[in-house]
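Everything in the sequence shown is counted per the working numbering, starting at 66 for the first residue and increasing by one.
A virtual CB, placed ideally from N, CA and C, is assigned to each residue, including glycine.
Contents: one structure, followed by commentary.
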Amino acid sequence: MIRTAHRHLTWWKAPLVASLLGLPFLVLEYRWFASHHETGAFGGVLYWAGALLPMLWVMLAIGATSGA
């Protein structure tokens, strides 16, 4: 990654839009699998995706404030 001294103030807009567009699909997938009374092995993927999304935003916020 190329690091510069200049930081863009709206760096968070593109990941936010991608997250907001993808979140409804994640919820719809979960509801579809849950409506069949079994998420099965794929349920673990949905749970991991749901847990990793907030972790990503926390890591992005820490990275933005730490200057890394």
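query	result
C-alpha distance - Leu118 paired with Ser84, whole-angstrom precision	8 Å
C-alpha gap between Leu121 and Lys78, whole angstroms	14 Å
N- and C-terminal bounds of the alpha helix (DSSP H) containing Leu86	78-100
Alpha-carbon to alpha-carbon, Ala129 and Ala82	The residue you asked about is not Ala; residue 82 is Val in the sequence shown. Straight-line Cα distance between these residues: approximately 17 Å.
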